[in-house]
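Q: Residue numbers (this note's numbering): 197 to 368. For every residue, glycine included, the Cβ atom is placed at its ideal position computed from N, Cα and C.
1) For my contact list, residue 281 and residue 292 are in at a C-beta cut-off of 8 Å; report their separation, rounded to the angstrom.
2) Using 8 Å as the cut-off, can you tell me whether the stretch 247-261 makes contact with the stretch 304-315, which would need three or more C-beta pairs spanning the two stretches below that distance?
3) Can you have a look at residue 366 and say buried or exposed, based on whether 16 or more other CB atoms are within 10 angstroms of its CB?
4) Can you have a look at residue 336 and say buried or exposed, based on whether 16 or more other CB atoms are within 10 angstroms of its CB?
5) Which value, in whole angstroms, describes the spacing of the CA atoms of residue 227 and residue 249?
6) Per DSSP, which residues does residue 313 bridge with? Please list them.
7) In its own chain, which residues sit with a C-beta less than 7 Å from the C-beta of residue 273, not counting the 5 before and 5 after it?
8) DSSP beta-bridge partners for residue 281?
9) Does residue 147 come out as helix, strand or coil in the three-state DSSP assignment?
10) Just verifying my parser: in three-state terms, what is the DSSP assignment at residue 212?
11) Could you check which residue in 318, 217, 286, 309 has the C-alpha nearest to that of residue 296?
12) Using a 10 Å radius around the Cβ and a threshold of 16 neighbouring Cβ atoms, would you call residue 264 buried or exposed?
13) Would residue 304 be called buried (16 or more neighbouring beta carbons within 10 Å of its own) or exposed?
Here it is, written out as structure tokens:
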């Protein structure tokens with residue numbers, strides 16, 4: 197009789213119970229769902245990351261283009277504001293940049309021509325021009341111009357800043 201009782205206990209120790217199998221399968225299902233969810237979200241994460249990088253590149257290109265034109269500026273107009281910048285370049289052309297709040301675009305205009313969009317989806321809080329003027333009556337008397345668009349910014353200062361300097365030649 198002792199052998200029969202011992203054999204019953206030995207048989208129970210050799211296998212898994214139904215409850216143990218259900219718990220193991222539940223844990224495995226949760227793990228598979230978590231991994232599947234992570235893998236399904238990867239393309240969306242990469243797309244969002246890539247579009248953000250493309251946006252930064254677009255902003256940086258526009259700011260560099262503006263900086264290149266500003267470096268050749270001969271005269272800045274007094275009617276420049278923090279939302280619109282007006283200046284005369286080395287070819288005596290009137291160049292203007294502005295933030296168009298109705299279309300949320302950064303726009304550029306040469307002379308009295310039409311405004312040409314450079315960047316789309318520019319919020320009002322993203323666009324800022326700050327500058328300091330040392331003498332309003334003198335052409336190109338700016339000591340510093342900072343252009344900020346989103347997180348990117350460029351600061352431009354005159355190469356030589358003397359009383360008789362016309363302001364030609366700017367550097368970053």
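A: Answer, in terms of the structure:
1) So it is a contact: roughly 7 Å between Cβ atoms.
2) Contact holds: three or more Cβ-Cβ distances are below 8 Å.
3) Confidence at residue 366 is low in this model, with a pLDDT of 43, below 50, so its placement is unreliable and the value that follows should be read with caution. By the 16-neighbour rule on beta-carbons within 10 angstroms, residue 366 is buried.
4) With a pLDDT of only 48 at residue 336, under 50, the local geometry of the prediction cannot be trusted, and the value read off the model is given with reservation. By the 10 Å Cβ count, residue 336 comes out buried.
5) Whole-angstrom Cα-Cα distance: 33 Å.
6) 303.
7) Result list for residue 273: 282, 283, in chain order.
8) 293, per the DSSP bridge assignment.
9) Residue 147 falls outside the range modelled here, since the chain spans only 197 to 368, and no answer is possible.
10) Coil, per DSSP.
11) Across the set 318, 217, 286, 309, the C-alpha of 318 shows the shortest separation from the C-alpha of residue 296.
12) By the neighbour-count rule (16 or more Cβ atoms within 10 Å), residue 264 is not buried but exposed.
13) With 16 or more other Cβ atoms within 10 Å, it is buried.
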